[in-house]
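The block underneath contains the structure these notes are about, expressed in structure tokens.
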């Protein structure tokens, strides 16, 4: 098994291709509001949304504000009058219609299931998050699932990790036996560092890390994570 017992797994853009699902959901929701001519706004929406979530990670904005403001900021630029709460709800529901898996996600989960205690951990919206796990047929792989809404804390706050370990009756597990796998330096990796556990940065595009956030390991393919946790002389 190697040194690890508990594995925290980020989901979006680590196991599920959230970027692709998000774009498809965005366009479908626009279609439902007879706004199909605005599909081209997705890159702008993505930029607005990402900036808002950065502030969420810093603790300066709350999630209820973000999920509405991202569409308010976008549509106000084009003077579009839309029921923002309804649009956001429909957008979140549509996300589950596109459960696109990252390459090797199922292969990785098959290797991990039963050998490690697997925790899905997310800053996302709870009902939409769990719905997407279900639609992707991966919800049963996890021994526990936690979102920032349920915990009252969000990554990179170490309290979210403490919360889920307590919820899982695993507070007595040595932190050296815990590791987090995720694609976000500012959320997943920083969160793991803040909680003093090992971290594995999923970096499929081999982007240069110009931050001060230094993961324990870096992988480009999900199956490389097996070598990491089984201690097969893996070097990041």
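Residue numbers (this note's numbering): 12 to 247.
Heads up, the beta-carbon is just placed ideally off N, CA and C, and yes, glycines get one too.
Fair warning: this is a prediction, and the values are worked out from it, not measured in the lab.
Residues bridged to residue i [DSSP beta-bridge criterion]
| i | result |
| --- | --- |
| residue 78 | According to DSSP, which records beta bridges pairwise, residue 78 is partnered with nothing at all. |
| residue 17 | 128, 189 |
| residue 212 | 193, 229 |
| residue 119 | The partner list for residue 119 (beta bridge, DSSP) is empty, contrary to what the question assumes. |
Span of the alpha helix (DSSP H) around residue i
| i | result |
| --- | --- |
| residue 29 | 29–43 |
| residue 174 | 170–178 |
| residue 67 | 53–69 |
| residue 105 | 95–106 |
| residue 203 | 201–205 |
| residue 166 | Note, residue 166: premise wrong, no alpha helix (DSSP H); not H, not E. |
| residue 239 | 235–240 |
| residue 137 | 137–146 |
Same chain, Cβ closer than 6 Å to residue i, neighbours up to 5 away in sequence not counted
| i | result |
| --- | --- |
| residue 240 | 13, 15 |
| residue 140 | 133, 158 |
| residue 83 | 95 |
| residue 202 | 166, 167 |
| residue 193 | 21, 25, 199 |
| residue 227 | 209, 210 |
Counted within 10 angstroms of its Cβ, other Cβ atoms place residue i as buried (16 or more) or exposed
| i | result |
| --- | --- |
| residue 75 | exposed |
| residue 54 | exposed |
| residue 145 | exposed |
| residue 114 | exposed |
| residue 81 | buried |
| residue 220 | exposed |
| residue 89 | exposed |
| residue 190 | buried |
| residue 32 | buried |
| residue 65 | exposed |
| residue 87 | exposed |
| residue 40 | buried |
Bounding residues of the beta strand (DSSP E) (the contiguous stretch that carries residue i)
| i | result |
| --- | --- |
| residue 229 | 228–230 |
| residue 157 | 155–158 |
Cα-Cα separation, residue i to residue j
| i | j | result |
| --- | --- | --- |
| residue 235 | residue 117 | 14 Å |
| residue 48 | residue 85 | 14 Å |
| residue 207 | residue 238 | 21 Å |
| residue 210 | residue 35 | 31 Å |
| residue 95 | residue 107 | 19 Å |
| residue 135 | residue 122 | 26 Å |
| residue 62 | residue 167 | 16 Å |
| residue 164 | residue 215 | 28 Å |
| residue 51 | residue 185 | 49 Å |
| residue 200 | residue 97 | 34 Å |
| residue 38 | residue 182 | 43 Å |
| residue 150 | residue 17 | 17 Å |
Own chain, CB closer than 7 Å to residue i, minus 5 neighbours either side, in chain order
| i | result |
| --- | --- |
| residue 155 | 130, 175, 178, 179 |
| residue 147 | 27, 110, 112 |
| residue 30 | 24 |
| residue 223 | none |
| residue 152 | 120, 124, 129 |
| residue 42 | none |
Interface flag, residue i vs chain B, CB-CB below 8 Å
| i | result |
| --- | --- |
| residue 188 | Reference to chain B is not applicable here, since this structure consists of a single protein chain. |
Neighbourhood of residue i by C-beta, 8 Å cutoff - its chain only, sequence neighbours within 5 removed
| i | result |
| --- | --- |
| residue 73 | 67 |
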